[in-house]
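Using my numbering, the first residue of the first sequence is number 314, and each one after it goes up by one. Heads up: the structure comes next, in structure tokens.
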Amino acid sequence: MRKLPREFYLSKNTAKIARDLLGKLLVVPDDTAGRVSGMIVEVEAYLGQADRAAHSFGGRRTARNEVMYGGGGHVYVFFVYGMYYQLNIVTGPAEHPHAILIRGIEPVEGIEVMWERRGKMKDTNLTSGPGKLAIALGVTHELNGADLTRKHIWLEEYRSLEKKEIKVGKRIGIDYAGEDAEKQLRFWVKGNPFVSKPV
DNA sequence: CAAGTGATTAGC
DNA sequence: CTAATCACTTGC
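Given below as structure tokens:
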């Protein structure tokens with residue numbers, strides 16, 4: 314399959330790109346194990362300057378979030394709670410610091426490697442959360458800033474979803490964001506067991 | 001349900 | 001410089 318082109322990431326309609334990410338295949342090749350991949354089943358949009366929940370709220374620009382300003386089609390990886398990496402996809406043109414957090418994937422290729430990295434457990438617990446899937450895919454700070462049109466990580470077409478298969482709700486873990494916490498910016502595949510917190 | 005963990009940030 | 005915080009997960 315072909316990598317999604319740069320154009321896919323350049324729209325300023327971040328919520329639309331977030332919905333379109335559902336059903337795409339996220340691929341992270343491994344030197345020895347080959348392709349490790351999963352279908353995206355849950356995402357959250359972060360709308361830059363105007364969004365209290367975003368790292369780039371109010372135009373905040375630091376060493377950590379610098380890649381959010383570098384243009385769509387790059388990966389923003391950051392570290393939280395002293396243990397977990399979070400994988401985001403930067404969208405829009407340069408200087409438009411929006412991003413989409415990947416919160417859940419359904420394993421497709423390389424599930425053996427995921428078990429090695431995560432430990433033996435129920436498959437639905439392997440990748441049903443942003444911290445979990447980063448471990449399963451081997452995503453660390455080394456991938457921060459990686460280009461999704463190159464060879465370290467990318468997206469492919471995989472499954473096309475009907476509108477009625479997609480659910481929308483509030484984002485998770487951002488209660489500090491006040492009224493922005495109420496925004497309907499979390500999207501997931503209805504009934505999929507790899508969604509972190511089904512509703 | 002609460003602890004764990006350390007980079008990052010804001011505030012002096 | 002120091003202290004508080006955090007796009008989470010796991011095990012009690």
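The C-beta atom is built at its ideal place from N, Cα and C for all residues, glycine as well.
Of the candidates 448, 474, 387, the residue whose Cα lies closest to the Cα of residue 432 is 448. Residue pairing by DSSP places residue 327 opposite no residue, since no beta bridge is assigned to it.
Here residue 507 is near residue 417, since their CB atoms are less than 8 angstroms apart. Bridge partners of residue 474 according to DSSP: none are assigned. Secondary structure note for residue 480: its beta strand (DSSP E) is the uninterrupted segment 479 to 482. Secondary structure remark: continuous beta strand (DSSP E) runs of at least 3 residues inside the region 410 to 473, in chain order: 411 to 422, 467 to 469. Annotation for residue 343: the continuous beta strand (DSSP E) segment containing it runs 338 to 343. Where residue 507 is concerned, there is no enclosing beta strand (DSSP E), because DSSP gives it neither an H nor an E. Under the criterion of beta carbons closer than 8 angstroms, residue 339 and residue 424 do not qualify as touching, at roughly 14 angstroms. In the pairwise beta carbon analysis, the region 323 to 330 is classified as not touching the region 368 to 382: fewer than three pairs are separated by under 8 angstroms. For the set 324, 482, 347, the Cα lying nearest the Cα of residue 465 is the one of 347.
Counting only residues of its own chain and dropping the five nearest sequence neighbours on each side, residue 316 has a CB closer than 8 angstroms to the CB of 461, 462, 467, 468, 469.
Take the alpha-carbon of residue 356 and the one of residue 478: they are about 14 angstroms apart.
In the DSSP assignment, residue 350 falls within the beta strand (DSSP E) that extends over 347 to 359.
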